[in-house]
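Remember, my numbering sits 6 above the position in the sequence shown when you count from 1. The beta carbon of each residue, even a glycine, is placed where N, CA and C say it ideally should be. Working notes, structure below.
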Amino acid sequence: MVEELLARTGRDKLIKWLDKRNFFYPGSYILSQVIALFYGAKKKDYDGFSLIGQSHLDACWLWTRKKTIQKNYITVKKALIHMEDYPFFKFAMSSPKYFEWTEKYFPSIFKRMKKRIEEGRFELVGGMWIEPDLMVPNGESLVRQRLYGQRYYLEKFGKMSEIGWLTDVFGYQWSLPQILVKSGSKYFYTNKLGWMDQNDFPFSIFNWQAPDGSQVLTYAFSYSINLFAMKQNFGSFKKFTRFVKDAKKQFSYEDSPEEIEKLRSKEYMRNFGLVYGMGDGGGGPIREEIIILKNMASRFPKNIKFSLMKDYFKEIEKNKDKIPTWNDEMYLEQHRGCYTSHVWLKELNRKAEIMFYQVEILISFLKLLGLKFNNEKIKKNWLQLLFNQFHDILPGSSIADVYVDTRIDFSAIFGNLNKYIQMSLKYLGSKINFLGEGILIFNSLPFERNAFIELDSNQDFSLKTPNGQQVLLQKSNGKSLLQIKLPKVGYTILKREKDSITQNKTDLEISEDNSKITLENDNLIVNITKKTGDITRIYSKSLNKEALTGKGNVIQIFKEKKTSFFAWNIDKYYSKNKFLPKLKSISIIERGPVRIRVKIEKLFEEQSIIQYISLNSLSSRVDMELDMKFHVKAAMVKVAFPINIETNEINAEIPYAIIQRKSKPSNRFDEAQWEQNCQTYVTLSDNDISISLLNNARYAYDVKYHDKFKNILRLTILRTPVYPRAGSPLTSMIPTNNWHEQDQFNVKYSLLMTKGNVTNPEIKQGALDINIPPLLQEITNLKGDLSEEMSFLEVIPTNVILSALKLPEDGEVDDNSIIIRCYEAVGIDSKAKIRFNKKFQILSIEEVDLLELNPKKINSFKDNVLDIDIKKFEIKTLKIKLTVV
Numbered sequence: 007m008v009e010e011l012l013a014r015t016g017r018d019k020l021i022k023w024l025d026k027r028n029f030f031y032p033g034s035y036i037l038s039q040v041i042a043l044f045y046g047a048k049k050k051d052y053d054g055f056s057l058i059g060q061s062h063l064d065a066c067w068l069w070t071r072k073k074t075i076q077k078n079y080i081t082v083k084k085a086l087i088h089m090e091d092y093p094f095f096k097f098a099m100s101s102p103k104y105f106e107w108t109e110k111y112f113p114s115i116f117k118r119m120k121k122r123i124e125e126g127r128f129e130l131v132g133g134m135w136i137e138p139d140l141m142v143p144n145g146e147s148l149v150r151q152r153l154y155g156q157r158y159y160l161e162k163f164g165k166m167s168e169i170g171w172l173t174d175v176f177g178y179q180w181s182l183p184q185i186l187v188k189s190g191s192k193y194f195y196t197n198k199l200g201w202m203d204q205n206d207f208p209f210s211i212f213n214w215q216a217p218d219g220s221q222v223l224t225y226a227f228s229y230s231i232n233l234f235a236m237k238q239n240f241g242s243f244k245k246f247t248r249f250v251k252d253a254k255k256q257f258s259y260e261d262s263p264e265e266i267e268k269l270r271s272k273e274y275m276r277n278f279g280l281v282y283g284m285g286d287g288g289g290g291p292i293r294e295e296i297i298i299l300k301n302m303a304s305r306f307p308k309n310i311k312f313s314l315m316k317d318y319f320k321e322i323e324k325n326k327d328k329i330p331t332w333n334d335e336m337y338l339e340q341h342r343g344c345y346t347s348h349v350w351l352k353e354l355n356r357k358a359e360i361m362f363y364q365v366e367i368l369i370s371f372l373k374l375l376g377l378k379f380n381n382e383k384i385k386k387n388w389l390q391l392l393f394n395q396f397h398d399i400l401p402g403s404s405i406a407d408v409y410v411d412t413r414i415d416f417s418a419i420f421g422n423l424n425k426y427i428q429m430s431l432k433y434l435g436s437k438i439n440f441l442g443e444g445i446l447i448f449n450s451l452p453f454e455r456n457a458f459i460e461l462d463s464n465q466d467f468s469l470k471t472p473n474g475q476q477v478l479l480q481k482s483n484g485k486s487l488l489q490i491k492l493p494k495v496g497y498t499i500l501k502r503e504k505d506s507i508t509q510n511k512t513d514l515e516i517s518e519d520n521s522k523i524t525l526e527n528d529n530l531i532v533n534i535t536k537k538t539g540d541i542t543r544i545y546s547k548s549l550n551k552e553a554l555t556g557k558g559n560v561i562q563i564f565k566e567k568k569t570s571f572f573a574w575n576i577d578k579y580y581s582k583n584k585f586l587p588k589l590k591s592i593s594i595i596e597r598g599p600v601r602i603r604v605k606i607e608k609l610f611e612e613q614s615i616i617q618y619i620s621l622n623s624l625s626s627r628v629d630m631e632l633d634m635k636f637h638v639k640a641a642m643v644k645v646a647f648p649i650n651i652e653t654n655e656i657n658a659e660i661p662y663a664i665i666q667r668k669s670k671p672s673n674r675f676d677e678a679q680w681e682q683n684c685q686t687y688v689t690l691s692d693n694d695i696s697i698s699l700l701n702n703a704r705y706a707y708d709v710k711y712h713d714k715f716k717n718i719l720r721l722t723i724l725r726t727p728v729y730p731r732a733g734s735p736l737t738s739m740i741p742t743n744n745w746h747e748q749d750q751f752n753v754k755y756s757l758l759m760t761k762g763n764v765t766n767p768e769i770k771q772g773a774l775d776i777n778i779p780p781l782l783q784e785i786t787n788l789k790g791d792l793s794e795e796m797s798f799l800e801v802i803p804t805n806v807i808l809s810a811l812k813l814p815e816d817g818e819v820d821d822n823s824i825i826i827r828c829y830e831a832v833g834i835d836s837k838a839k840i841r842f843n844k845k846f847q848i849l850s851i852e853e854v855d856l857l858e859l860n861p862k863k864i865n866s867f868k869d870n871v872l873d874i875d876i877k878k879f880e881i882k883t884l885k886i887k888l889t890v891v
């Protein structure tokens with residue numbers, strides 16, 4: 007054993023010097039603890055130990071991607087050397103992006119790695135393109151991580167990974183099991199759930215269930231060799247792998263830690279899965295680890311073995327009748343600030359997701375009409391976006407140099423997507439028959455919408471719809487404002503004529519007195535106090551309901567204490583340092599007939615904060631906007647609304663689903679969840695009426711119950727922490743004075759009042775409306791044969807949402823097939839119809855998985871209409887072959 011430890015020291019030292027990643031090097035103390043641990047383990051307590059070699063490598067963090075390519079090379083090279091020296095050694099690696107780097111830059115290493123994969127010693131795990139953040143990307147982004155990652159594995163190695171693998175993410179969306187199961191995974195591994203600041207997550211081995219009922223067998227344990235020095239026993243493993251008395255019971259955060267403890271049985275998992283190897287900066291297992299573990303394995307050959315992760319999951323499956331089920335999200339009681347740090351990047355991510363959705367719909371239909379387009383172009387940009395969704399880039403927890411590369415990537419993404427949009431709209435125009443000058447407007451949403459549009463034009467003109475109806479226009483600050491009804495996934499043309507604008511009266515009224523400004527339409531009355539600029543009343547006429555119990559749209563600024571992990575973590579006691587900006591001015595800036603608008607300017611520490619409050623004709627929502635260049639350090643900004651709904655149930659949108667949370671904590675789990683995550687809306691309901699806060703690029707909120715004001719809902723607008731320190735994880739804990747950029751921030755959000763509870767699809771439609779704008783193109787004298795207005799597609803009922811409409815990954819150049827992905831959005835089992843324009847007739851339909859594989863023929867279609875059954879929160883992917891008539 008000593009001789010083995012001394013062997014190859016020169017090469018090992020060189021690799022360690024190149025890696026410069028020594029913080030977690032075990033050293034003699036930790037190794038001695040490991041030896042004592044294993045030799046002291048009682049055989050009666052354990053049947054075996056499965057040793058799983060791996061290395062977590064951050065694609066970017068305290069280093070840039072260029073350094074990561076070097077670290078990846080070192081990690082893979084070390085694993086291959088270990089395999090040469092130790093025939094029993096096995097190694098697991100996630101992230102197809104790392105395999106692609108190896109293939110591109112180190113082809114000889116890739117060839118050797120491929121051989122070891124064929125032998126079954128180099129294990130493919132993961133299957134997402136990169137290990138992404140899960141809290142900010144939308145559902146389609148998470149699907150694309152799997153689509154491009156798993157298909158890369160399949161193309162290069164002839165197989166995919168059955169193990170979802172996300173070791174270091176900052177929270178786990180409830181819908182993830184469905185995405186994993188429908189893209190080739192049976193199992194899921196993570197270790198981040200050990201990072202809790204108040205409660206231990208109750209299980210380490212469990213079935214994780216999504217809202218649609220999909221389940222994935224999960225192993226969540228944070229132990230590795232370099233952590234045994236902190237906890238030199240198996241007590242925690244024994245505790246968290248205990249089975250339950252009734253395996254049919256499903257657990258969630260509704261169950262308190264104390265209740266869960268009472269339901270545990272005395273039995274536990276008797277095979278310990280030790281995931282070992284240096285991580286964060288890669289490196290993987292070191293020679294000392296392997297030799298010591300090998301020596302232990304030789305002494306206890308029946309108890310200790312070097313294993314693949316897949317083999318360990320098969321050991322777990324032997325106890326499948328005893329394993330508990332967790333039917334909820336998995337909330338990480340850490341890193342809550344990552345929902346909001348670097349909001350500029352989160353805005354770019356949301357914008358890119360929307361543009362991909364729009365581009366793919368356009369190109370898919372236009373290909374049916376004759377457009378020639380190479381789908382690999384879009385894939386290339388998708389992969390750029392997916393890389394920047396990595397769990398230390400998108401959350402805002404990397405060093406400043408990382409974001410230089412990120413901005414370059416997004417510049418390329420938007421440059422290409424804008425080019426594809428303009429090309430597509432121009433091609434669409436060439437297929438339409440139209441005489442004169444006009445504006446082509448394309449709606450990518452699968453429902454009719456009364457869209458608000460701003461045109462960059464200061465000239466006098468009028469617009470008419472295809473049926474000759476004059477469009478109401480409003481001049482405002484060099485722009486022309488209009489509202490127009492748009493067809494479902496389709497276009498209309500507004501004809502431009504050179505005559506004066508007719509200012510007709512609508513339902514909009516705006517007035518002011520000494521104390522307030524009042525905005526009103528047929529649905530709403532909104533009062534704004536001139537004392538503070540806050541909203542004092544939002545009243546729904548049709549629902550006969552006051553939305554607020556006090557002042558709303560209140561800007562709250564909190565000073566945080568600068569601590570370790572500042573980019574990640576919100577100061578727990580931030581609420582003790584609350585400040586309110588002072589009103590500087592308030593004025594009416596638009597008086598209709600399309601929109602009425604109020605501008606409010608406030609000051610905080612000489613920083614100007616601009617708010618806009620708007621009401622559109624016939625709208626049931628109040629639109630708000632916040633615009634500021636914020637130079638306040640160590641601050642967090644929230645906007646607060648006291649909601650007039652008596653409820654403890656808060657519903658928030660997550661990818662492909664809605665999750666219900668509480669405003670009144672009932673156990674220790676609830677108490678720890680004081681900052682929550684959402685996608686595009688948060689809703690409070692009393693079954694008769696719902697009040698929703700919609701947003702166009704924010705991901706965090708909190709709701710606190712108040713005896714006087716009921717539920718106070720706050721949207722988190724921004725944070726201004728410091729960057730972490732470059733180098734090693736040890737030095738990164740020391741706060742720097744390098745503050746996050748103080749950019750120009752702009753966010754739009756709306757308060758929407760609807761009838762019924764959260765299952766009303768108008769809520770999701772409203773969120774889509776403020777996020778996905780119509781696409782515009784100036785046109786003149788078109789000589790095609792399509793009509794001036796056309797709907798390509800509709801999906802009914804409206805609780806079934808179109809998530810993607812794209813070209814197939816395996817499509818032939820002349821194959822008139824498209825991929826449609828839709829999901830049920832509000833939690834109701836539904837019978838859905840997808841109806842194409844009569845110009846497109848269905849030839850065949852296959853239901854496929856998220857990877858566009860494993861087809862199952864569907865016969866429930868006729869002509870241009872297909873029928874599908876879709877369960878609550880279910881994701882459906884269809885491959886449809888069409889012909890143009």
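Rounded C-beta distance between Gln465 and Lys635? I'm assuming under 8 Å. Incorrect: roughly 31 Å between the Cβ atoms, too far for contact.
Out of Pro727, Lys324, Lys639, Lys605, state which residue places its alpha-carbon closest to the alpha-carbon of Thr535. Lys605
Between the CA atoms of Leu721 and Val832 - distance to the nearest angstrom: 22 Å
Taking contact to mean at least 3 C-beta pairs separated by less than 8 Å, is the region 334 to 351 in contact with the region 402 to 412? yes
Note down, in chain order, each residue of its chain lying with its Cβ closer than 8 Å to the Cβ of Leu57, except the 5 sequence neighbours on either side. Leu280, Tyr282, Leu299, Ala303, Ile310, Lys311, Phe312, Ser313
If you run the structure through DSSP and keep just helix, strand and coil, what is Met166? coil
When burial is assigned at 16 or more other CB atoms within 10 Å of the CB, is Asn197 buried or exposed? buried
Can you tell which of Glu681, Lys84, Ser734, Ile531 has its C-alpha closest to the C-alpha of Arg342? Glu681
Residue burial classification, Arg603 (beta-carbon count within 10 angstroms, cutoff 16): buried
Might you give, ordered along the chain, the residues of its own chain that have their beta carbon closer than 7 Å to the beta carbon of Ile807, omitting 5 neighbours on each side? Lys770, Cys828, Tyr829, Ala831
Please classify Asp816 as buried or exposed, where buried requires at least 16 neighbouring CB atoms within 10 angstroms. exposed
For Pro32, the three-state DSSP class (helix, strand or coil): In this prediction, Pro32 has a pLDDT of 46, which is less than 50 and means its spatial position is unreliable; nothing more can be read from the coordinates.
Is it buried or exposed for Lys352, if we count other Cβ within 10 angstroms and need 16 for buried? buried
How should Thr686 be labelled, buried or exposed, when 16 other C-beta atoms within 10 angstroms of its C-beta is the threshold for buried? buried
Can you tell me whether DSSP reads Phe901 as helix, strand or coil? Any answer about residue 901 is impossible in this case: the structure gives the chain only from 7 up to 891.
Sorry if obvious, but does the Cβ on Ile534 come closer than 8 Å to a heavy atom of the ligand SAH? No copy of the ligand SAH appears in this structure; indeed no ligand is present at all.
Coil, strand or helix - Gln666 by DSSP: strand
Just the Cα atoms here: how many angstroms apart are Leu586 and Thr689? 25 Å
Determine the extent of the beta strand (DSSP E) in which Gln613 is found, giving its start and end residues. 613 to 622
State the CB to CB distance for the pair Lys228 and Trp171, rounded to an integer number of angstroms; the pair is presumed to be in contact (CB under 8 Å). The residue asked about is misnamed: residue 228 is Ser in this sequence, not Lys. Actually they do not touch by this definition, with Cβ atoms about 14 Å apart.
Return the first residue and the last residue of the beta strand (DSSP E) that Ile384 is part of. From DSSP, Ile384 is part of no beta strand (DSSP E) but of the alpha helix (DSSP H) over 382 to 393.
Does DSSP classify Ile350 as helix, strand or coil? In the sequence as displayed, the identity of residue 350 is Trp instead of Ile. Residue state, collapsed to three classes: helix.
Under 8 Å, with one C-beta from each stretch per pair, do the region 630 to 647 and the region 554 to 570 reach the 3-pair mark? yes
Look at Asn657 and Met141 and say whether their C-beta atoms are less than 9 Å apart. no
Would you identify the three-state DSSP class for Tyr52, choosing helix, strand or coil? coil
Assign Val891 to one of two classes, buried (16 or more other C-beta atoms within 10 Å of its C-beta) or exposed (fewer than that). exposed
Since Ile419 and Gln395 are thought to touch, with beta carbons under 8 Å apart, how far apart are those beta carbons, to the nearest angstrom? Actually they do not touch by this definition, with Cβ atoms about 12 Å apart.
Mapping DSSP to helix, strand and coil, what is Lys877? coil
Beta strand (DSSP E) runs contained entirely in the region 785 to 851, provided each spans 3 or more residues: 795 to 797, 799 to 802, 806 to 812, 823 to 830, 836 to 842
With a threshold of 16 other CB atoms inside 10 Å of the CB of Val8, please say whether the residue is buried or exposed. With a pLDDT of 40 at Val8, under the threshold of 50, the modelled position of that residue is not reliable, and the figure given next carries that caveat. Exposed, because fewer than 16 other Cβ atoms sit within 10 Å of the Cβ of Val8.
Would Asn520 be called buried (16 or more neighbouring beta carbons within 10 Å of its own) or exposed? exposed
Specify, as a first and last residue, the run of the beta strand (DSSP E) that Asp708 falls within. 706 to 712
Does DSSP put Tyr158 in a helix, a strand or coil? helix
Per DSSP, what kind of secondary structure is Thr689 in: helix, strand or coil? strand
Roughly how many angstroms lie between the CA atoms of Glu90 and Ile405, to the nearest whole one? 36 Å
How would you label Lys254, buried or exposed, when you count the other beta carbons within 10 angstroms and need 16 or more for buried? exposed
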